[in-house]
Amino acid sequence: MDTEAQDLPSPRSDLISGGVWVVIGTAIGIGSWNMDRLANQGVPGFAAPGLVPGILGVLITLTALVIVIRSLHRGALTPEGRGEPGRATMGRTALALVLCLGFAAGLVGHGLPFWVAASTYLFLHIFLLQLPERRAAGQVGRGIVVALAVALGAGLTISLLFQYAFLVRLP
Numbered sequence: 068m069d070t071e072a073q074d075l076p077s078p079r080s081d082l083i084s085g086g087v088w089v090v091i092g093t094a095i096g097i098g099s100w101n102m103d104r105l106a107n108q109g110v111p112g113f114a115a116p117g118l119v120p121g122i123l124g125v126l127i128t129l130t131a132l133v134i135v136i137r138s139l140h141r142g143a144l145t146p147e148g149r150g151e152p153g154r155a156t157m158g159r160t161a162l163a164l165v166l167c168l169g170f171a172a173g174l175v176g177h178g179l180p181f182w183v184a185a186s187t188y189l190f191l192h193i194f195l196l197q198l199p200e201r202r203a204a205g206q207v208g209r210g211i212v213v214a215l216a217v218a219l220g221a222g223l224t225i226s227l228l229f230q231y232a233f234l235v236r237l238p
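According to our numbering, the sequence shown is numbered sequentially starting from 68.
Pasting the structure below:
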């Protein structure tokens, strides 16, 4: 499923977005490093409260650096690298924001088991963001199957990992 060139964000937009994500990932990493590790309460290191946010902060920073480097290679600092985000990019960004807020405010903590909430969010996120490309390729049915398999697998894995490896009680 190739994305058409006009739907790609401009190199300058990627540079700015990547820079923002570097700052966010670094802040998450620093914040998690400064969290109490609860060693005085006998909590093992692999279950420390800051471990998962720290790992996520490092991963966010690394992927953001990849975006920054890619944007520089695409000419982000040249006059040709400027450009406004396309309509499709803005639509996907708005959809991602709505889905994230819906997950945080509507699905989690309102009676659904966490794995169901996470799987629902992941299914909608994957399916809806891939829908234009799947529709153009005539693969909507395959998109549903793939999104469902990934969502269920990830939702269950995340739930089990947090409950049994990190000892975090989930709703």
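C-beta: ideal position from N, C-alpha, C; glycine also.
| Check | Outcome |
| --- | --- |
| State the DSSP-derived secondary structure class of G150, mapped to helix, strand or coil. | coil |
| Quick one: what's got a C-beta closer than 6 angstroms to F181's C-beta in the same chain, skipping five residues either side? | S226, L237 and P238 |
| Within 10 Å of its beta-carbon, does Q197 have 16 or more other beta-carbons around it, so buried, or fewer, so exposed? | buried |
| Would L82 and L126 be called neighbours here (beta carbons separated by less than 8 angstroms)? | no |
| By the DSSP assignment, the alpha helix (DSSP H) with H177 in it spans what residues? | No alpha helix (DSSP H) contains H177, which DSSP labels as neither H nor E. |
| So, are the CB atoms of T187 and L174 less than 8 angstroms apart? | yes |
| So, M102 versus G117, is the Cβ gap smaller than 8 angstroms? | yes |
| Do A221 and L189 come within 8 angstroms of each other at the CB atom, strictly closer than that value? | yes |
| What residue from Q230, R202 and L191 has the CA that sits closest to L215's CA? | L191 |
| Take L166 and list the residues in its own chain whose beta-carbon comes closer than 8 angstroms to its own, dropping the five residues that flank it on each side. | Y188, L191, H192 and L195 |
| DSSP three-state label for N107, please. | helix |
| Return the residue from the list S84, A218 and Q230 that minimises the CA-CA distance to T130. | S84 |
| In the DSSP assignment, find the alpha helix (DSSP H) that holds V238 and state where it starts and stops. | The sequence given here has Pro at residue 238, not Val. No alpha helix (DSSP H) holds P238; DSSP gives it neither H nor E. |
| When we look at the beta-carbon of R79 and count the other beta-carbons within 10 Å, is it buried (16 or more) or exposed? | buried |
| My output table needs one value for P78: the three-state DSSP class, helix, strand or coil. | helix |
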